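Here's the structure, in C-alpha cells; my notes come after.
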Amino acid sequence: MSSAKKLQKIEVTAAKPYPVFLGAPLEELGEYLHSQFKDLGHILIITNPVVAELYAERLQKGLLDYRVNFLFVPAGETEKSLERLSQLTTAALRCGSDRHTLVIALGGGVIGDLAGFFASAFMRGIPLIQVPTTLLAQVDSSIGGKVAVNHPAGKNILGAFYPPRAVWTDFTTLDSLPWGEVENGLAESIKHSLIADSGLFEFFETQAESIKQRDASIWREMVTRSVSVKVRIVSQDEREQGERALLNLGHSFGHALETKMNYRGVTHGQGVSIGLVAAAHLANAKGLMTEAEVDGIKRLLNIFGLPISISGQDPQGLLQLMKADKKNQGGRKILILPQGIGQTIISKECTDPEILDAWNQVVEGN
Ligand code: NAD
Ligand code: GLY
Numbered sequence: 003m004s005s006a007k008k009l010q011k012i013e014v015t016a017a018k019p020y021p022v023f024l025g026a027p028l029e030e031l032g033e034y035l036h037s038q039f040k041d042l043g044h045i046l047i048i049t050n051p052v053v054a055e056l057y058a059e060r061l062q063k064g065l066l067d068y069r070v071n072f073l074f075v076p077a078g079e080t081e082k083s084l085e086r087l088s089q090l091t092t093a094a095l096r097c098g099s100d101r102h103t104l105v106i107a108l109g110g111g112v113i114g115d116l117a118g119f120f121a122s123a124f125m126r127g128i129p130l131i132q133v134p135t136t137l138l139a140q141v142d143s144s145i146g147g148k149v150a151v152n153h154p155a156g157k158n159i160l161g162a163f164y165p166p167r168a169v170w171t172d173f174t175t176l177d178s179l180p181w182g183e184v185e186n187g188l189a190e191s192i193k194h195s196l197i198a199d200s201g202l203f204e205f206f207e208t209q210a211e212s213i214k215q216r217d218a219s220i221w222r223e224m225v226t227r228s229v230s231v232k233v234r235i236v237s238q239d240e241r242e243q244g245e246r247a248l249l250n251l252g253h254s255f256g257h258a259l260e261t262k263m264n265y266r267g268v269t270h271g272q273g274v275s276i277g278l279v280a281a282a283h284l285a286n287a288k289g290l291m292t293e294a295e296v297d298g299i300k301r302l303l304n305i306f307g308l309p310i311s312i313s314g315q316d317p318q319g320l321l322q323l324m325k326a327d328k329k330n331q332g333g334r335k336i337l338i339l340p341q342g343i344g345q346t347i348i349s350k351e352c353t354d355p356e357i358l359d360a361w362n363q364v365v366e367g368n
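Heads up: the sequence shown begins at 3 in this note's numbering, then just goes up one per residue.
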C-alpha cells in the first residue's frame with residue numbers, strides 16, 4: 003500500500019481528475035508510482051542542474067526499481083523554447099524513451115512548463131508528474147495543466163492543456179529557495195487571496211513575520227491555502243472559458259511593465275505586485291474597493307518587500323502595450339478587478355483614461 007494514502011491531498015476535479023499531494027517527501031514518489039502505474043519501465047526526470055544538485059538524490063532513492071534517465075536543462079526563461087524541446091526529444095530517443103516512459107518535471111515553473119509540453123507532445127502524450135520546487139510552482143504553475151514554450155512572437159505562444167497524473171509537492175524543497183524567488187511565489191499567492199480568499203489575505207497580514215522567517219508550519223499553511231484557491235478555480239474552468247481568467251488579476255498591468263522593461267530590472271513577481279496595486283486603484287475608481295482596502299493591499303505587499311510603484315516609466319506607453327493582452331476582445335480591454343478583498347470580477351467596462359489613471363497611481367514622478 004502506498005504511503006501516499008496517508009498524505010494530505012487536494013483533488014483537481016477537472017476532465018481528467020488528478021491529486022495534488024502536499025507535504026509529500028521526494029523519496030516516496032517511487033512508492034506512489036508503483037501503486038499507480040503497472041507497466042511503467044522507464045522514467046525521464048527533466049530538471050535543471052541547480053535543482054538536481056539539491057534534490058535528485060532524494061528523488062532517486064524511491065526509484066531504484068525503474069530505469070531512470072536525467073535530462074538537464076540550464077536555468078532560465080529562455081530555455082522554454084522549441085530548440086530546447088527538440089534537443090530534449092533527441093536526448094529522450096537516445097535513451098530509449100517510448101510510449102511507456104513517464105516524465106517527472108523536477109523544478110520551478112520553467113521546468114514544469116517545458117517538461118510538461120514535452121510530455122504532451124512526445125509520442126502524442128506520455129504521463130507526467132509535476133514535482134514543483136519553487137513557491138511559484140507549488141502554489142500556481144504545477145496546477146491546472148497549462149504547459150508551454152515561448153516563441154519570438156511572445157511568451158507561452160506554443161502550448162497545451164496537459165494535466166499531470168499527479169502533483170507531488172515536497173515543502174522542504176523550498177528551504178533552499180533564494181528570497182528573490184520566494185517573492186515571485188508570494189506575489190501569486192497574495193493574488194490568490196485577493197481573488198478568492200479574504201481569510202488567506204488576513205493570514206498574510208497576521209503571519210507576515212513568521213512567513214518572512216520561513217516558519218515551516220506557517221509556510222505549509224500558506225501553500226496549502228493558496229493551492230486550494232487555484233485547485234478550486236481550475237476545477238471549475240480548466241480550459242479558461244470564464245472563471246479561470248480571474249487568475250490573471252494584476253497580470254495585464256504586470257505583463258505590460260515586464261514587456262516595456264524587456265524583462266530586465268523587474269521580476270515577474272514585482273510586475274505582478276505593481277499590477278495588483280494598479281488593478282486595486284482602478285477598482286477603487288470604479289467603486290469596487292475602498293481606499294482603505296487599497297492601502298491594505300499596498301501595506302501587505304510592502305511588508306514582503308514587493309514593490310507598489312515604479313519610477314522612470316511612461317504611463318501612456320504602458321497603456322498602449324496593454325492592447326496586446328490576450329484577454330482583449332474586439333479592441334476592448336478586458337481587465338480583472340478586485341471587488342473588496344477576496345472577490346474578483348471580469349470587467350469589460352474600463353476606459354483608457356481610467357486605466358491611464360491607474361498607471362499614474364503606480365508610476366512615480368508623474
Ligand atoms: P524558474 O522555474 O525559472 O525557477 C527559478 C529559479 O529557481 C531557477 O533558477 C531554478 O534553478 C531555481 N530553483 C528552483 N527550485 C529551487 C529550489 N528548491 N532551491 C533553489 N533554487 C531553486 O521560475 P518560477 O518562478 O518557478 O517559474 C516561472 C515560470 O513559470 C515562467 O516561465 C512562467 O511562464 C511559468 N508559469 C506557468 C504557469 C502555468 O500555469 N503553467 C503559471 C505561472 C507561471
Ligand atoms: N497562472 C494562470 C493560470 O494558471 O491560469
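All residues carry an ideal CB built from backbone N, CA and C; glycine is no exception. These numbers come from a predicted model, not from an experiment.
Bounding residues of the alpha helix (DSSP H) (the contiguous stretch that carries residue i)
{"i": "A189", "result": "W181 to A198"}
{"i": "F119", "result": "G111 to A123"}
{"i": "S143", "result": "Segment: none, S143 is in no alpha helix (DSSP H) and carries neither H nor E."}
{"i": "L321", "result": "P317 to L323"}
{"i": "A360", "result": "D354 to V364"}
The ligand HEM heavy atom lying under 7 angstroms from the CB of residue i
{"i": "D115", "result": "In the structure on display, the ligand HEM does not appear, and the ligands it does have are the ligand NAD and the ligand GLY."}
Residue interval of the beta strand (DSSP E) (run including residue i)
{"i": "V22", "result": "Y20 to L24"}
{"i": "N152", "result": "K148 to H153"}
{"i": "S349", "result": "T346 to S349"}
{"i": "Q132", "result": "L130 to P134"}
{"i": "I299", "result": "Not the beta strand (DSSP E): I299 falls in the alpha helix (DSSP H), residues E293 to I305."}
{"i": "Q10", "result": "Q10 to V14"}
Supposed contact pair residue j and residue i - C-beta distance, whole angstroms, cut 8 angstroms
{"i": "K11", "j": "V22", "result": "6 angstroms"}
{"i": "L46", "j": "V133", "result": "Wrong, their Cβ atoms sit about 13 angstroms apart, outside the cutoff."}
{"i": "A189", "j": "L308", "result": "6 angstroms"}
{"i": "I347", "j": "F203", "result": "So it is not a contact: roughly 17 angstroms between Cβ atoms."}
{"i": "G298", "j": "I276", "result": "That belief does not hold up - the Cβ atoms of G298 and I276 are roughly 16 angstroms apart, past 8 angstroms."}
{"i": "V236", "j": "I145", "result": "6 angstroms"}
{"i": "Y68", "j": "P166", "result": "That pair is no contact at about 18 angstroms."}
{"i": "D115", "j": "S83", "result": "No, D115 and S83 are not in contact; Cβ-Cβ is about 11 angstroms, not under 8 angstroms."}
{"i": "L251", "j": "G187", "result": "Not confirmed; about 15 angstroms, so no contact."}
{"i": "V364", "j": "I312", "result": "6 angstroms"}
{"i": "A258", "j": "L320", "result": "5 angstroms"}
{"i": "L302", "j": "E185", "result": "Between E185 and L302 the Cβ distance is about 13 angstroms, and since that is not below 8 angstroms, they are no contact."}
Residues that DSSP places opposite residue i in a beta bridge
{"i": "N50", "result": "Answer by DSSP bridge pairing: none, since N50 is not bridged."}
{"i": "G156", "result": "H153"}
{"i": "D108", "result": "One detail in the question is off: residue 108 reads as Leu in this sequence, not Asp. Paired residue(s): T49 and V133."}
{"i": "Q341", "result": "Partner(s): none; Q341 has no beta bridge."}
{"i": "S178", "result": "For S178, which the question treats as bridged, DSSP gives no partner whatsoever."}
{"i": "R334", "result": "Q331"}
{"i": "F163", "result": "K148"}
{"i": "I312", "result": "V365"}
{"i": "A168", "result": "I131"}
Neighbour flag for residue i against chain C, beta carbons, 8 angstroms
{"i": "G98", "result": "Absence of chain C from the displayed structure is noted, only one protein chain being present."}
| Is there contact here, the stretch 113 to 126 with the stretch 148 to 162, by at least three beta-carbon pairs under 8 angstroms? | yes
| query | Quick one: any contact between the stretch 226 to 242 and the stretch 194 to 208, if contact means 3 or more CB pairs under 8 angstroms? | reply | yes
| said: Three or more C-beta pairs under 8 angstroms: does that hold for the stretch 44 to 54 against the stretch 107 to 114? | reply: yes
| query | Going along the chain, which unbroken runs of the beta strand (DSSP E) with 3 or more residues stay wholly within the stretch 207 to 285? | reply | none
| query | Taking one C-beta from the stretch 33 to 44 and one from the stretch 180 to 187 each time, how about it: are there three or more such pairs within less than 8 angstroms? | reply | no
| Do the stretch 272 to 291 and the stretch 333 to 340 meet, that is, are 3 or more Cβ pairs less than 8 angstroms apart? | yes
| query | Which whole runs of the beta strand (DSSP E) in the stretch 22 to 96 are 3 residues long or more, in chain order? | reply | 44 to 49 and 69 to 74
| Between the stretch 298 to 312 and the stretch 347 to 362, do three or more beta carbon pairs fall short of 8 angstroms? | no
| query | Is there contact here, the stretch 125 to 139 with the stretch 158 to 174, by at least three beta-carbon pairs under 8 angstroms? | reply | yes
| message | Measuring CB atoms only, is the stretch 70 to 77 touching the stretch 152 to 165, in the sense that at least three cross pairs come out at less than 8 angstroms? | response | no
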